[in-house]
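Asker: First to last, the protein sequences are chains A and B. Under our numbering, the first residue of the first sequence is numbered 1, with each subsequent residue one higher. Under our numbering, the first residue of the second sequence is numbered 322, with each subsequent residue one higher. Sharing a structure with you now.
There are 2 protein chains.
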Amino acid sequence: MPLAEKALIERIRKSVKRVRATQVVRGIGDDCAVLRVPRTDDTLVTTDFTLEGVHFRRKWHAPEIVGRRCLTRGLSDIAAMGGKPVAAFLSLALPRNLPQRWVDRFMNGLLELAAEFDVPLAGGDIAQSTAGVLADIILIGSVPKGGAILRSSARAGDLVYVTGELGGAAAALDALRKRSAGKVRASDYTRHFHPTPRVAIGQFLRLKKLASAMIDLSDGLSTDLRHICDESRVGATITGAAVPRAIVGRPARQVELTAALHGGEDYELLFTASKTKRIPDRILGVRVTPIGELTRRKGMVLVNDGVRCKLEPRGWEHFRH
Amino acid sequence: MPLAEKALIERIRKSVKRVRATQVVRGIGDDCAVLRVPRTDDTLVTTDFTLEGVHFRRKWHAPEIVGRRCLTRGLSDIAAMGGKPVAAFLSLALPRNLPQRWVDRFMNGLLELAAEFDVPLAGGDIAQSTAGVLADIILIGSVPKGGAILRSSARAGDLVYVTGELGGAAAALDALRKRSAGKVRASDYTRHFHPTPRVAIGQFLRLKKLASAMIDLSDGLSTDLRHICDESRVGATITGAAVPRAIVGRPARQVELTAALHGGEDYELLFTASKTKRIPDRILGVRVTPIGELTRRKGMVLVNDGVRCKLEPRGWEHFRH
Chain A
1 MPLAEKALIE RIRKSVKRVR ATQVVRGIGD DCAVLRVPRT DDTLVTTDFT LEGVHFRRKW
61 HAPEIVGRRC LTRGLSDIAA MGGKPVAAFL SLALPRNLPQ RWVDRFMNGL LELAAEFDVP
121 LAGGDIAQST AGVLADIILI GSVPKGGAIL RSSARAGDLV YVTGELGGAA AALDALRKRS
181 AGKVRASDYT RHFHPTPRVA IGQFLRLKKL ASAMIDLSDG LSTDLRHICD ESRVGATITG
241 AAVPRAIVGR PARQVELTAA LHGGEDYELL FTASKTKRIP DRILGVRVTP IGELTRRKGM
301 VLVNDGVRCK LEPRGWEHFR H
Chain B
322 MPLAEKALIE RIRKSVKRVR ATQVVRGIGD DCAVLRVPRT DDTLVTTDFT LEGVHFRRKW
382 HAPEIVGRRC LTRGLSDIAA MGGKPVAAFL SLALPRNLPQ RWVDRFMNGL LELAAEFDVP
442 LAGGDIAQST AGVLADIILI GSVPKGGAIL RSSARAGDLV YVTGELGGAA AALDALRKRS
502 AGKVRASDYT RHFHPTPRVA IGQFLRLKKL ASAMIDLSDG LSTDLRHICD ESRVGATITG
562 AAVPRAIVGR PARQVELTAA LHGGEDYELL FTASKTKRIP DRILGVRVTP IGELTRRKGM
622 VLVNDGVRCK LEPRGWEHFR H
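Structure representation (structure tokens):
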């Protein structure tokens with residue numbers, strides 16, 4: 001193993017605090033990690049790529065932000081099942097000429113978020129990349145047996161809710177594209193530059209048995225809602241005016257409806273709930289908004305200023321344009 | 322989601338047989354897969370990159386072989402813990418111009434091996450790559466609680482054993498480098514082109530409580546033995562003449578000792594065992610060879626034709642030269 005990789009592994013080993021030692025029997029340093037998930041629980045697994053040029057650009061995104069968003073992708077999937085994160089794994093391929101400082105800062109961003117969520121980095125793989133930084137984050141989580149909130153268990157008549165505000169991440173990408181990166185301040189676009197996965201809200205909804213189905217908003221509302229509709233064999237009607245839009249930029253302004261409908265990577269939660277359930281206006285300090293209803297009739301409809309039109313899934317574009 | 326990705330996911334969903342349904346509660350199609358590992362077991366997790374230009378070349382390796390070797394990397398890590406595979410996950414990034422046929426054949430190779438080992442592909446991620454085919458294979462396995470065979474539990478005085486023959490994969494790479502790919506027959510270099518992870522042997526060693534420590538030979542004997550030495554805080558003396566060398570090529574010839582000592586990707590097992598244990602000459606039809614002994618004194622020594630010299634870890638080179 002080349003020295004640079006060895007040094008990186010050593011650094012990760014040292015920087016990972018020995019949290020949740022009871023669930024990570026053996027972390028970095030063997031062929032596999034050994035985990036001990038509580039016997040009352042099911043195990044959750046999710047994997048997500050973060051690729052240079054596809055999910056981030058080095059000239060647009062500080063390394064800490066790339067690291068944070070990388071882990072956010074995985075934690076957000078655990079949140080969407082109502083689960084608790086147990087351990088994270090990182091496969092990381094690095095170009096030969098990448099400054100060590102970049103890697104250090106990337107790991108700082110990732111490990112800072114890991115510490116916030118008390119999730120140990122328990123292993124992964126390190127390789128050389130012939131093209132850009134390539135990261136694959138793997139999250140293992142746990143949820144009481146049979147308790148995972150699926151995409152497939154929504155019913156016609158259920159209301160559709162989202163947490164937080166939408167479109168902020170898409171607006172940030174738009175600003176980065178139009179302006180030089182230096183003029184886009186991270187503090188004006190917090191959801192893009194400093195996303196927080198909604199792990200606690202997901203667990204709250206599961207514990208209170210409020211949600212009939214759930215998904216995280218990584219690909220964009222229109223695409224993610226479509227997944228719920230496909231898996232649950234229902235349709236949906238969304239009220240445009242009800243969709244909570246992010247406030248971004250300087251001077252601060254509300255994002256366009258289209259950014260809120262189709263923009264990805266907000267890492268908020270979309271869930272459905274029976275009309276008989278009382279859903280709070282805020283959960284753990286985060287706004288929760290009803291935006292529409294599931295229908296027996298397939299297909300998604302947007303009602304905007306009294307006009308009904310078909311809502312097409314147009315999310316998950318990343319940097320394609 | 323672009324249509325090509327959607328079609329691929331559908332294809333994977335359909336091609337995955339519903340094996341081990343009791344352990345995969347929910348596979349592809351949700352934010353996370355939901356697994357139910359037996360309550361008597363620990364969970365194993367491993368991740369391994371397979372990157373174009375680093376681990377394979379499209380002009381050298383047929384797509385089925387790339388797919389097979391990709392999954393082999395993960396299964397071999399499970400084998401090295403004495404574990405049983407539960408489910409595989411694949412993060413796959415594909416260049417836009419990649420022929421659909423290549424992806425189909427890649428998946429065929431991967432799924433054929435998955436069927437051999439009765440391991441379902443339960444999820445993953447699909448993304449666009451700006452440079453070559455990028456695959457990250459994640460294997461979840463299980464092993465009775467506390468039963469995983471670690472790298473760190475070897476003792477000075479234990480004997481060192483390897484399964485099969487070594488250096489065959491490195492010899493294949495060497496031939497591919499020197500000759501046009503068309504002149505290197507897969508059937509003359511089976512360990513490179515058609516590797517079989519030693520999952521059953523790993524389980525045998527665990528069940529019979531024969532091995533004190535174990536690792537799979539993915540990076541090369543010298544590097545992987547070094548991992549055992551580092552983690553177990555021992556040294557090792559290896560007898561050069563004892564190292565079983567692969568027979569490859571046409572006309573068939575034994576590989577050089579240096580290929581067997583440092584060549585990676587043979588996916589055989591290296592294990593250590595107390596001298597009090599009787600280790601069979603063959604396990605499940607595969608040759609098992611004692612090649613040396615662990616020592617209290619740190620460092621690795623090679624004894625060759627009566628000459629002692631330092632054995633340096635020089636594996637894990639992939640295509641660097």
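Ideal placement from N, C-alpha and C gives every residue a C-beta, glycine not left out.
1. Would you mind reading off the limits of the beta strand (DSSP E) that contains Ile349(B)?
2. Counting C-beta neighbours from all protein chains within 10 Å, is the total for Arg339(B) 16 or more, i.e. buried, or is it exposed?
3. So, is the C-beta of Cys353(B) closer than 9 Å to a C-beta in chain A?
4. For Gln203(A), count neighbouring Cβ atoms within 10 angstroms of its own Cβ and tell me buried if that reaches 16, exposed if not.
5. Could you tell me the boundaries of the alpha helix (DSSP H) in which Met428(B) lies?
6. Given the structure, does Asn429(B) come close to the ligand FMN, in the sense that its CB is under 8 Å from one of the ligand's heavy atoms?
7. Starting from the C-beta of Met1(A), find all residues in its chain whose C-beta is less than 7 Å away, skip the five residues before and the five after it, and write them out in chain order.
8. In the DSSP assignment, the alpha helix (DSSP H) including Val66(A) goes from what residue to what residue?
9. Going along the chain, which residues of its own chain have a beta-carbon closer than 6 Å to the beta-carbon of Phe377(B), five neighbours each way excluded?
10. Under 9 Å, Cβ to Cβ, is there at least one residue of chain A near Gln524(B)?
11. Anything in chain A within Cβ reach of Thr560(B), meaning under 8 Å, just list it in chain order.
12. Count the C-beta pairs between the region 489-503 of chain B and the region 602-610 of chain B that are closer than 8 Å, then say yes if the count reaches three, no if not.
13. Taking any Cβ of chain A, which residues in the region 444-456 of chain B have a Cβ under 9 Å from it, in chain order?
14. List the residues of chain B whose Cβ lies closer than 8 Å to the Cβ of Glu312(A), in chain order.
15. Tell whether a beta-carbon distance below 9 Å holds between Val483(B) and Glu589(B).
16. Can you tell which of Ser595(B), Phe438(B), Leu542(B), Glu486(B) has the C-alpha that lies nearest to the C-alpha of Arg574(B)?
17. If we count the other Cβ atoms within 10 Å of its Cβ and call it buried at 16 or more, is Ala127(A) buried or exposed?
18. Am I right that Leu150(A) and Gly124(A) are in contact with their C-beta atoms under 8 Å? What's the rounded C-beta distance?
19. Could you please give the first and the last residue of the uninterrupted alpha helix (DSSP H) stretch that includes Val520(B)?
20. Could you tell me the distance, in whole angstroms, from the CA atom of Ile536(B) to the CA atom of Val569(B)?
21. Mind checking if Thr484(B) is an interface residue toward chain A, Cβ cutoff 9 Å exclusive?
22. Closer than 8 Å is the cut-off here; do at least three beta carbon pairs connect the region 554-562 of chain B with the region 612-627 of chain B?
23. Just to make sure I have the definition right: I need the residues of chain A whose C-beta is within less than 8 Å of the C-beta of Arg347(B). Which are they?
24. When the Cα atoms are used, what is the spatial distance from Thr50(A) to Arg179(A)?
25. In the structure shown, what three-state DSSP assignment does Ile443(B) receive?
26. How big is the Cα-Cα spacing for Ala409(B) and Leu205(A)?
27. Could you tell me which chain A residues have their CB closer than 9 Å to the CB of Glu552(B), listed as they occur along the chain?
28. Applying a beta-carbon distance threshold of less than 7 Å, which residues of chain A neighbour Ala401(B)?
29. Go through its chain and collect everything with a Cβ distance to Asp509(B)'s Cβ below 8 Å, but skip five positions before and after it.
30. With 16 other CB atoms within 10 Å as the buried threshold, where does Glu112(A) fall?
31. Indicate the three-state DSSP secondary structure (helix, strand or coil) for Asp322(A) in the structure shown.
32. Could you name the residues of the same chain whose beta carbon sits closer than 8 Å to that of Gly467(B), not counting the 5 residues immediately before and after it, in chain order?
33. Please report how far the alpha carbon of Cys353(B) lies from the alpha carbon of Leu582(B), in whole angstroms.
34. Alpha carbons only, please: which of Arg389(B), Arg394(B), Ala456(B), Arg547(B) is nearest the one belonging to Arg646(B)?
35. Run through DSSP, which three-state label would Pro553(B) get?
36. Which partner residues of Pro144(A) appear in the DSSP bridge assignment?
Answerer: Per the coordinate set shown:
1. No beta strand (DSSP E) contains Ile349(B), which DSSP labels as neither H nor E.
2. Here Arg339(B) scores only 46 on pLDDT, less than 50, and its place in the model should not be relied on; the value that follows carries that caveat. By the 10 Å Cβ count, Arg339(B) comes out exposed.
3. Any Cβ of chain A closer than 9 Å to the Cβ of Cys353(B) would place that residue at the interface, and such an atom is present.
4. Per the 10 Å Cβ criterion, buried.
5. For Met428(B), the enclosing alpha helix (DSSP H) covers residues 421-437.
6. In the structure on display, the ligand FMN does not appear, and there are no ligands present to speak of.
7. A caution first: Met1(A) carries a pLDDT of 46, below 50, which makes its placement in the model unreliable, though a value can still be read off. None.
8. From DSSP, the alpha helix (DSSP H) with Val66(A) extends over 63-79.
9. Excluding residues within five positions, the ones whose Cβ falls inside 6 Å are Val387.
10. Output row for Gln524(B): interface = no.
11. Within 8 Å of the CB of Thr560(B), no CB atom of chain A is found; the nearest one sits about 25 Å away.
12. They do not touch, by the three-pair rule.
13. Near chain A, meaning a CB-to-CB distance below 9 Å, the residues of the region 444-456 of chain B are Gly444, Gly445, Asp446, Ile447, Ala448, Gln449, Ser450, Thr451, Ala452, Gly453, Leu455.
14. In chain order: nothing, as chain B lies at least about 12 Å away.
15. Contact flag set, yes.
16. Comparing alpha-carbon positions, the option among Ser595(B), Phe438(B), Leu542(B), Glu486(B) lying closest to Arg574(B) turns out to be Glu486(B).
17. Residue environment for Ala127(A): buried (at least 16 other C-beta atoms within 10 angstroms of its C-beta).
18. Contact doesn't hold; Cβ gap of about 28 Å is too wide.
19. In the DSSP assignment, Val520(B) falls within the unbroken alpha helix (DSSP H) covering 520-528.
20. It is roughly 24 Å from the alpha-carbon of Ile536(B) to the alpha-carbon of Val569(B).
21. Not closer than 9 Å to any Cβ of chain A, the Cβ of Thr484(B) fails to qualify, so no.
22. Yes: the two stretches touch, three or more of their Cβ pairs being nearer than 8 Å.
23. Below the 8 Å Cβ cutoff, chain A contributes Ala148, Leu150 as neighbours of Arg347(B), in chain order.
24. Inter-residue distance for Thr50(A) and Arg179(A) is about 23 Å (C-alpha atoms, whole angstroms).
25. Sequence inspection shows Ala at residue 443(B); the Ile mentioned does not correspond to that position. For Ala443(B), the secondary structure class from DSSP, reduced to helix, strand or coil, is strand.
26. Straight-line Cα distance between these residues: approximately 29 Å.
27. What Glu552(B) touches in chain A: Gly29, Asp30.
28. In chain order: Asp31.
29. Taken in chain order, the residues that qualify are Val569, Gly570, Arg571, Ala573.
30. By the 10 Å Cβ count, Glu112(A) comes out exposed.
31. Nothing about residue 322(A) can be reported from this structure: the residues present for chain A run from 1 to 321 only.
32. Result list for Gly467(B): Asp363, in chain order.
33. Approximately 41 Å, taken between the alpha carbons.
34. This structure leaves residue 646(B) out entirely; chain B is present only between 322 and 642.
35. The displayed chain sequence assigns Ser, not Pro, to residue 553(B). In the structure shown, Ser553(B) adopts helical secondary structure according to DSSP, grouped into three states.
36. Answer by DSSP bridge pairing, in chain order: Asp41(A).
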